[in-house]
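Residue 152 in this note's numbering sits at position 152 of the sequence shown, and the numbers go up by one each step. Read the structure below first, then the notes.
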Amino acid sequence: MIEVTLKRELNNMLSALNIGDVPDITIEAPRQADHGDYATNVAFKLAPAFKKSPKQIAEQLVADWNSNYAAKMGLQASSLNGFINFKWTVGALQSKLVHFFDDEFKYAIAPKKILLEYVSANPTGPLHIGHGRWAVLGDVTARLLQVVGHEVSKEFYINDAGNQINILYDSVAAAREGKPIPENGYHGHYIKELAELDVDPVEYMVEHQQNVLASIDVEFDQWFSEKSLYADGRVDRGLQAVRDSGYGYDADGALWFRSTDFGDDKDRVLIKSDGSKTYFAVDVAYHYDKINRGYDKLINIWGADHHGYVARVKAALAALTDKDEDKLSIIIGQLVSLYRNGEQVRMSKRTGDMITLEDVIAEIGGDATRFFLIHKSADTQLDFDLGVATAQSSDNPVYYIQYGHARICSLLAKVEQELSIVPSSVKMLAFAEEIHPNEHQLAMHILRLPQEIELAATQLKPHTIANYVLELGRYFHSFYESCPIVSCEHDATRVWRIKLAYQTREAMQYCLSILGVSAPERM
């Protein structure tokens, strides 16, 4: 990445000054675009060693850089109030952009074997829009982690044991016999549909969940059955492991886990005094099984209703992994509220029940479903307007991005037809002496793509890729309106703009593939 190369050269320059320990260098975008393309505050960190003001240090470093490094890097330095700014020379920026996708991106990340668990909805009813959010969040996170080099296994935990399963069977049985469904039973319209089918309700619901998720390209490597933990004794082995760790103890006829040793607000019961196991006990056994499968890292994506479980489960993992508190990361996905043209909707017109994920997909399509469920941070509530998601206008971010991609495809086809230039094989024989500010802005945004991907993967924030590609679409539309291509009379400028449009399409396709959204050539 460019930022990594720039940081390395700055380190070399500072090391040559024999100032002792070189401080950590941070490279970021300047607060104002007209200041430059990259900036660093390293002069402020050097002030104690130099015994000068950051402004003086920055001016000295800028002079050194411009004399010895600027030509090599193609980045000219300037100082402003102690900050050092770097700006591409026109030729260097064009050269970098033209060859940007020639090789695969390299990321400064040590590959890990990761188990990513998400959705894990009870098989007692259809998936709702919240499940959809966690499904897309998990799928895009997995794609991101794989792009940067990790080995990722995707897992759905089937809660097919416990009282809620018995209640489902009782509810369906009552409906089949024409009896009232128990008061504590499931009363949705789907119960009547299940009663009319000669199927096992749990198996049918699991298969239905699989089909709905597959319709938005969400697939899993493992569908892990809770019943299997009981069937082969893994629940008991997990509880024994807690005892062996020294954090399990007996009191009042029950088995407890000393989770307060890890910051939890109270110790947790694993086996009640009547001998029954708690849900937490099964969670411990399941995560102990994950550990034994040899993963370097575990990541769970849970709904907002699981927020209270985070501390105790992380405590159990720390106890079972010799206090490796980084072994498990838990992402909490907040709630989704559905709207249609500004008015909140709660019920399905077809069944009178809540709107399901399947209903939403049928109404707006897979692409819009995925994008709208991923474009906001997981820790914020999502207001999802179905009317906006189907609008063919710039108000709909999915349409806006895909229209931009189709527009580029049309433009490049026109270039090939009218100018007899094949965009994919364009070679820059000469560089334009000047470029339009919108060209510069678009090129810089493309060059930031590897850093955006690495940050999104490292911080587990896949929504930033959706925001990046939306911004890419905006920059392209501004470029397209202000910088003619086919009618451009300057040969070098025309060829450069063709290549810039082509690389924009490459960046769009790269991002949309991570998001699991299609890139249509015509709209």
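A virtual CB, placed ideally from N, CA and C, is assigned to each residue, including glycine. Everything numeric in this text was worked out from a predicted model, so none of it was measured.
So, does the segment 422-442 touch the segment 498-507, judging by three or more C-beta pairs under 8 angstroms? yes
For Trp223: DSSP bridge partner residues: Locating residue 223 in the sequence shown gives position 223, counting from the first residue. DSSP lists Phe156 as partners of Trp223.
8 angstroms CB neighbourhood of Glu226 in its chain, flanking five on each side removed: Counting from 1 along the sequence shown, the entry for residue 226 is found at position 226. Within the same chain, Glu226 has close Cβ partners Tyr157, Ile158, Asn159, Asp160, Ala161, Gly162, Val282 and Tyr286.
For His375, the three-state DSSP class (helix, strand or coil): The residue labelled residue 375 in the question sits at position 375 within the sequence shown. DSSP places His375 in coil when its eight states are reduced to three.
Does the segment 37-52 come into contact with the segment 80-90, if we say contact requires no fewer than three beta-carbon pairs (one atom in each stretch) closer than 8 angstroms? yes
Straight-line gap, Gln146 to Leu460 (C-alpha atoms, nearest Å): Counting from 1 along the sequence shown, the entry for residue 146 is found at position 146. Counting from 1 along the sequence shown, the entry for residue 460 is found at position 460. Answer to the nearest angstrom: the Cα atoms are 12 angstroms apart.
When you compare the CB positions of Gln334 and Leu382, do they come within less than 8 angstroms of one another, or not? For this step, residue 334 is matched to residue 334 along the sequence shown. For this step, residue 382 is matched to residue 382 along the sequence shown. A contact, by the Cβ cut-off of 8 angstroms.
Output the distance between the C-alpha atoms of Cys511 and Ile216, rounded to the nearest integer angstrom. For the purposes of this step, residue 511 is taken as residue 511 along the sequence shown, with counting starting at 1. For the purposes of this step, residue 216 is taken as residue 216 along the sequence shown, with counting starting at 1. So the two alpha carbons sit approximately 17 angstroms from each other.
Of the residues Ser518, Leu442 and Gln451, which one's Cα is nearest the Cα of Arg497? Within the sequence shown, the letter at position 497 stands for residue 497. Of the candidates Ser518, Leu442 and Gln451, the one whose C-alpha sits nearest the C-alpha of Arg497 is Leu442.
Tell me whether the beta-carbon of Leu386 lies closer than 8 angstroms to the beta-carbon of Arg340. Numbered from 1 along the sequence shown, position 386 holds the residue referred to as residue 386. Numbered from 1 along the sequence shown, position 340 holds the residue referred to as residue 340. It is a contact, given that the beta carbons lie within the stated cut-off.
Considering only residues of the same chain and omitting the five flanking positions on each side of Lys297, which have a CB-CB separation below 6 angstroms? Numbered from its first residue, the sequence shown carries residue 297 at position 297. Hits under 6 angstroms: Lys112 and Ile114.
Measuring straight from C-alpha to C-alpha, what distance separates Leu449 and Gly36? Here residue 449 is taken as the residue at index 449 of the sequence shown, counted from 1. Here residue 36 is taken as the residue at index 36 of the sequence shown, counted from 1. Going by the C-alpha atoms only, they are around 18 angstroms apart.
I'd like the ranges of any beta strand (DSSP E) spanning at least 3 consecutive residues and lying wholly in the segment 269-334. 297-303 and 328-333
Since Gly188 is in the beta strand (DSSP E), which residue starts that stretch and which ends it? Translated into positions along the sequence shown, residue 188 becomes position 188. Here Gly188 belongs to no beta strand (DSSP E), and DSSP marks it neither H nor E.
Taking the C-alpha atoms as reference points, what is the distance between Ala199 and Asp170? For the purposes of this step, residue 199 is taken as the residue at position 199 of the sequence shown. For the purposes of this step, residue 170 is taken as the residue at position 170 of the sequence shown. Position check: residue 199 holds Val in this sequence, whereas Ala was assumed. Roughly 14 angstroms between the two C-alpha positions.
Burial state of Ala519 (16 or more Cβ within 10 Å): Locating residue 519 in the sequence shown gives position 519, where the first residue counts as 1. It is buried - the Cβ of Ala519 has at least 16 other Cβ atoms within 10 Å.
Between Ser273 and Gly253, which are expected to be in contact by the criterion C-beta below 8 angstroms, what is the C-beta distance as a whole number of angstroms? Reading the sequence shown from its first residue, position 273 is the one you call residue 273. Reading the sequence shown from its first residue, position 253 is the one you call residue 253. Confirmed, about 4 angstroms.
Going residue by residue through the segment 115-199, where are the continuous alpha helix (DSSP H) segments of at least 4 residues, counting only ones entirely within it? 129-147, 163-176 and 189-195
Go to Tyr204, then tell me how far its alpha helix (DSSP H) extends in each direction, as first and last residue. Taking the first residue of the sequence shown as 1, we reach residue 204 at position 204. First-last of the alpha helix (DSSP H) with Tyr204: Pro201 to Ala214.
CA-CA distance, Ala29 and Val388? Numbered from its first residue, the sequence shown carries residue 29 at position 29. Numbered from its first residue, the sequence shown carries residue 388 at position 388. Using only the alpha carbons, I get a separation of about 32 angstroms.
Asp265, enclosing beta strand (DSSP E) - first and last residue: Start at 1 with the first residue of the sequence shown, and residue 265 comes out as number 265. Segment: none, Asp265 is in no beta strand (DSSP E) and carries neither H nor E.
What's the C-alpha gap between Lys290 and Glu325? Your numbering for residue 290 matches position 290 in the sequence shown. Your numbering for residue 325 matches position 325 in the sequence shown. Distance between the alpha carbons of Lys290 and Glu325 is about 15 angstroms.
Distance between beta carbons of Val136 and Val218, contact taken as under 8 angstroms: Here residue 218 is taken as the residue at index 218 of the sequence shown, counted from 1. Here residue 136 is taken as the residue at index 136 of the sequence shown, counted from 1. The Cβ separation is near 7 angstroms, so the contact holds.
CA-CA distance, Gln240 and Ile446? Reading the sequence shown from its first residue, position 240 is the one you call residue 240. Reading the sequence shown from its first residue, position 446 is the one you call residue 446. Their backbone Cα atoms lie some 53 angstroms apart in a straight line.
Are Val284 and Ala316 closer than 8 angstroms when you measure CB to CB? Here residue 284 refers to the residue found at position 284 when the sequence shown is read from its first residue. Here residue 316 refers to the residue found at position 316 when the sequence shown is read from its first residue. Cβ distance < 8 angstroms, so Val284 and Ala316 count as in contact.
Val486 versus His150, Ala70 and Leu419, residue with shortest Cα-Cα distance: Residue 486 sits at position 486 when you count from the first residue of the sequence shown. Comparing Cα positions, the closest option is Leu419.
For Lys87, list the residues DSSP reports as bridge partners. As a position in the sequence shown, residue 87 is number 87, starting the count at 1. For Lys87, which the question treats as bridged, DSSP gives the partners Gln76.
Taking the straight line between their C-alpha atoms, what separation do you get for Gly125 and Tyr468? Here residue 125 is taken as the residue at index 125 of the sequence shown, counted from 1. Here residue 468 is taken as the residue at index 468 of the sequence shown, counted from 1. The alpha-carbon atoms of Gly125 and Tyr468 are separated by roughly 36 angstroms.
Do Ile25 and Leu10 come within 8 angstroms of each other at the CB atom, strictly closer than that value? In the sequence shown, residue 10 corresponds to position 10, counting from 1. In the sequence shown, residue 25 corresponds to position 25, counting from 1. Yes, Cβ-Cβ distance for Leu10 and Ile25 is below 8 angstroms.
For the structure I just gave you, are there three or more beta carbon pairs, one from the segment 464-478 and one from the segment 395-409, closer than 8 angstroms? yes
Going by beta-carbon coordinates alone, are Val98 and Ala432 separated by less than 8 angstroms? By one-based count along the sequence shown, residue 98 stands at place 98. By one-based count along the sequence shown, residue 432 stands at place 432. Their beta carbons are not under 8 angstroms apart, which means Val98 does not touch Ala432 by this criterion.
If you compare alpha carbons, which of Arg522, Met444 and Asn438 is closest to Ser482? Along the sequence shown, read from residue 1 onward, the residue named residue 482 stands at position 482. Of Arg522, Met444 and Asn438, the residue nearest in Cα terms is Asn438.
Give a yes or no on whether the C-beta atoms belonging to Arg312 and Gly516 are separated by under 8 angstroms. One-based indexing of the sequence shown puts residue 312 at position 312. One-based indexing of the sequence shown puts residue 516 at position 516. No; because the gap between Cβ atoms is not below 8 angstroms, this pair is not in contact.
When the Cα atoms are used, what is the spatial distance from Val172 to Leu455? Taking the sequence shown and counting its residues from 1, one reaches residue 172 at position 172. Taking the sequence shown and counting its residues from 1, one reaches residue 455 at position 455. Each residue's Cα considered, the two are about 48 angstroms apart.
According to the neighbour-count rule (16 or more other Cβ atoms, all chains shown, within 10 Å of its Cβ), is Gln209 buried or exposed? Within the sequence shown, numbered from 1, the residue matching residue 209 stands at position 209. It counts as buried.
Option in Trp88, Asp353, Gly149 and Ala142 with minimal Cα separation from Ala542: There is simply no residue 542 to check, as the chain begins at 1 and stops at 523 in what is shown.
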